[in-house]
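If you want the working numbering, it's the position in the sequence shown, counting the first as 1, plus 243. Glycine is no exception: its CB is placed at the ideal position from the N, C-alpha and C atoms. Written out below as structure tokens is the structure these notes cover.
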Amino acid sequence: MKRGRFEAHLKAKHSTNINSDLSYFKTLKEKFEKRTTLQSLFTARFVTNNRLSEASYQISLLIAKTGKNHTIGENLIKPSISAFLKTVLEKDDKDVKALPLSNNNVSRRIEKMSEDIEKQLVEKLKTRNFSVQMDESTLRDSEAVLIT
244 MKRGRFEAHL KAKHSTNINS DLSYFKTLKE KFEKRTTLQS LFTARFVTNN
294 RLSEASYQIS LLIAKTGKNH TIGENLIKPS ISAFLKTVLE KDDKDVKALP
344 LSNNNVSRRI EKMSEDIEKQ LVEKLKTRNF SVQMDESTLR DSEAVLIT
């Protein structure tokens, strides 16, 4: 803003602040920049949701590796984490309650991980050269058997 327009605006709209020191305006600017905005609220919630989703995938992977029922996430793991947070760390367990570990979620996450692994394997096989050795043998009854 041009100096003349700035001074006119200051006199017309903020006449009480005309004689204020430069430090007053600097602190006013800092307060304005530090204020909570709608975007910062959504960003914080988005980060929390991403972390919950990542934790859910990691726990689902552990459940898949153990071969236990998928309901163990909701029946054992969530209450265990909640009890640990309350007693040892003395923290609220509101994020644990939001952790998606139901049977359907765990099954879906395991399925997505297996699809991703299969897709990665197919992509690696497409880019690599490999050969398959095959041989044909015959049994006593003149039956051909393909050996790979």
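Glycine 247 classed as buried or exposed, judged by whether at least 16 other C-beta atoms fall within 10 angstroms: exposed
Lysine 321 beta carbon less than 7 Å from that of valine 349: No, they are not a contact pair.
One or two residues paired with isoleucine 390 in a DSSP bridge: Asp378
For asparagine 346, the first and last residue of its enclosing alpha helix (DSSP H): 346-370
Test item: CB-CB of aspartate 336 and leucine 342 under 7 Å: Not in contact: aspartate 336 and leucine 342 (Cβ atoms no closer than 7 Å).
Spatial distance of threonine 370 from aspartate 359 (CA atoms): 17 Å
Residues of its chain near tyrosine 267, where Cβ-Cβ distance is below 8 Å and the 5 sequence neighbours each way are ignored: Asn260
Simplified DSSP state of threonine 314, which is helix, strand or coil: coil
Alpha-carbon to alpha-carbon, lysine 269 and glutamate 276: 11 Å
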